[in-house]
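Asks:
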Ligand code: AOF
Ligand code: ZN
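Numbering (my numbering), first residue to last: 52 to 422.
1) Give me whichever residues DSSP pairs with residue 410 in a beta bridge.
2) For the stretch 163–205, list the beta strand (DSSP E) runs that are entirely contained and at least 3 residues long, ordered along the chain.
3) Let me know the secondary structure DSSP gives residue 245 once reduced to three states.
4) Within 10 Å of its beta-carbon, does residue 72 have 16 or more other beta-carbons around it, so buried, or fewer, so exposed?
5) Quick one: grab the DSSP three-state call for residue 156.
6) Just to confirm, are residue 91 and residue 120 a CB contact at a threshold of 7 angstroms?
7) Taking only the alpha-carbon atoms, compute the straight-line gap between residue 53 and residue 228 and give it to the nearest angstrom.
8) Can you list, in chain order, the stretches of the beta strand (DSSP E) that have 3 or more residues and sit fully within the stretch 295–373?
9) What are the partner residues of residue 89, as DSSP defines its beta bridges?
10) Going by DSSP in three states, residue 140 sits in which element: helix, strand or coil?
11) Rounded C-beta distance between residue 202 and residue 346? I'm assuming under 8 angstroms.
12) Rounded to whole angstroms, what is the Cα-Cα separation between residue 391 and residue 411?
13) Between residue 181 and residue 156, which are expected to be in contact by the criterion C-beta below 8 angstroms, what is the C-beta distance as a whole number of angstroms?
14) Output needed for residue 77: all residues of its chain with C-beta closer than 6 angstroms, excluding positions within five of it in sequence on either side, in chain order.
15) Determine the direct distance from the alpha carbon of residue 238 to that of residue 365, and round the result to whole angstroms.
16) Compute the minimum distance between the beta carbon of residue 281 and the heavy atoms of the ligand AOF, and state whether it is under 6 angstroms.
17) Just to confirm, does residue 111 get its C-beta within under 6 angstroms of one of the non-hydrogen atoms of the ligand AOF?
18) Threshold first: 3 residues or longer. Then list the beta strand (DSSP E) segments lying entirely within the stretch 245–296, N to C.
19) First and last residue of the alpha helix (DSSP H) that includes residue 54?
20) Evaluate the contact criterion for the stretch 309–317 versus the stretch 210–220: three or more CB pairs, one atom per stretch, below 8 angstroms.
21) Label residue 126 either buried or exposed according to how many other C-beta atoms from any shown protein chain fall within 10 Å of its C-beta, with 16 as the threshold for buried.
22) By DSSP's criteria, residue 216 is part of a beta bridge. Which residues make up the other side?
23) The ligand ZN heavy atoms versus the CB of residue 303: any closer than 6 angstroms?
24) Does the pairing of the stretch 382–397 with the stretch 233–247 give three or more beta-carbon distances under 8 angstroms?
25) Counting only the same chain and skipping the five closest in sequence on each side, list residues whose C-beta sits under 6 angstroms from that of residue 224.
26) Is residue 387 close to the ligand AOF? I mean its beta-carbon at under 6 angstroms from any heavy atom of the ligand.
27) Under 6 angstroms: does the beta carbon of residue 345 sit that close to some heavy atom of the ligand ZN?
28) Does the beta-carbon distance from residue 266 to residue 296 come in below 7 angstroms?
29) Measure the beta-carbon distance from residue 50 to residue 277 and round it to whole angstroms, keeping in mind my assumption that it falls under 8 angstroms.
30) Thinking C-alpha only, which one of 253, 298, 417 and 394 is nearest residue 354?
31) Within the same chain, show all residues whose beta-carbon is closer than 6 angstroms to that of residue 94, passing over the 5 residues directly before and after it, in chain order.
32) Would you say residue 82 touches the ligand ZN, meaning its beta carbon is less than 6 angstroms from a heavy atom?
33) Grouping DSSP H, G and I as helix and E and B as strand, with all else coil, what is residue 401?
34) Measure the CB-CB distance between residue 370 and residue 414 and report whether it falls below 7 angstroms.
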């Protein structure tokens with residue numbers, strides 16, 4: 052691999068990271084423009100709605116970088132974390148903007164999985180006589196864009212389960228209490244995960260036991276995640292702290308007009324999504340969140356919902372914060388995996404282990420990024 056290309060693609064990925072809390076439903080693409088070994092422009096995808104960090108609403112990374120570079124873009128190389136688009140969406144094609152600005156070479160990390168683009172952006176650039184290359188820092192870019200790729204290829208978001216567990220593997224007391232097994236550093240770390248998430252998913256058990264808000268409060272964000280509660284029988288209290296902030300979706304398995312009206316009055320949207328057993332259809336729920344443009348969904352829930360998601364094969368990643376505490380075997384763990392044969396255990400791949408305060412954070416994968 053060309054070390055210089057590698058280095059500038061790292062810069063493009065750093066740009067991309069600046070948009071990771073705000074770009075969805077768009078992917079948070081990063082772009083740098085380099086001429087005579089100088090960076091002459093840089094940019095990242097802007098929020099499609101309000102809360103613009105820089106430039107016009109929904110502006111793509113390339114357009115931001117070109118506007119910074121101005122005339123200096125002529126003769127430059129563009130490094131982009133995702134193939135430049137070729138379609139007219141909210142904005143005109145970036146491929147055309149790059150051609151018009153006189154870019155001579157485009158290096159992309161990934162092709163765009165969006166069927167509206169899917170190679171046509173690079174083809175359009177090549178047809179205009181621009182030197183084109185793809186695949187530089189491919190694995191890192193797959194990791195960065197895994198949410199958007201999941202939505203494009205699987206029509207559902209990337210699902211991360213966050214769990215706090217004791218040294219003895221328990222996630223809540225018998226009475227349902229789970230705040231706070233882990234320490235303050237882990238809780239701050241989770242705030243960053245919430246900020247990156249389009250939606251937070253929890254269960255009625257957690258709402259009743261912990262009354263969580265599931266919002267980002269330690270730093271300013273341009274959007275809070277949608278909070279989604281799996282609540283088969285509409286038991287969410289109308290004074291739940293979730294309602295302190297707009298954007299609550301309650302998913303039940305059976306309508307109850309009175310309860311539904313009360314929750315709607317409290318500010319929730321109520322959705323009925325039942326499976327054939329009369330429970331909330333979790334697969335359909337994830338599809339629905341995908342349709343709503345959610346790229347990344349994070350679960351903060353108890354062992355019942357986490358167990359159901361694992362059994363349905365919907366968990367892509369688990370962030371497990373293991374605290375140096377013991378809470379005993381009356382406490383609960385992940386439910387419903389009633390195994391009698393260890394050959395049937397769910398096997399995760401350990402991507403990373405990191406100390407966060409006194410806790411140990413495992414990043415565990417059930418799916419590879421980009422699949
Ligand atoms: C790029 N650069 O920075 C981003 C891209 O509706 P639009 O116009 O915003 O188009 C959204 C699609 O464009 C999105 O689904 C993805 O395929 C691509 N995103 N492309 O060239 C960017 N964010
Ligand atoms: Zn574009």
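Built from N, CA and C at the ideal position, the CB exists for glycine as well.
Replies: According to the structure shown:
1) Partner(s): 407.
2) 182–185
3) helix
4) Buried: at least 16 other Cβ atoms inside 10 Å.
5) strand
6) Yes; because the gap between Cβ atoms is below 7 angstroms, this pair is in contact.
7) 53 angstroms
8) If we require 3 residues or more, the beta strand (DSSP E) runs fully inside the stretch 295–373 come out as 299–303, 319–323, 347–351 and 368–373.
9) 86
10) coil
11) That pair is a contact at about 5 angstroms.
12) Rounded to whole angstroms, residue 391 to residue 411 spans 29 angstroms at the Cα level.
13) 6 angstroms
14) Answer for residue 77: 96 and 99, listed in chain order.
15) 24 angstroms
16) no
17) yes
18) 250–254 and 277–281
19) 54–69
20) no
21) exposed
22) 373
23) In this structure, residue 303 has its beta carbon at no less than 6 angstroms from each heavy atom of the ligand ZN.
24) no
25) 382
26) no
27) No; taking the cut-off as 6 angstroms, the Cβ of residue 345 has no heavy atom of the ligand ZN nearer than that.
28) Yes.
29) Within the shown structure, residues of the chain are numbered from 52 to 422, placing residue 50 beyond reach of any answer.
30) 253
31) 82, 112, 115 and 116
32) no
33) Strand.
34) yes
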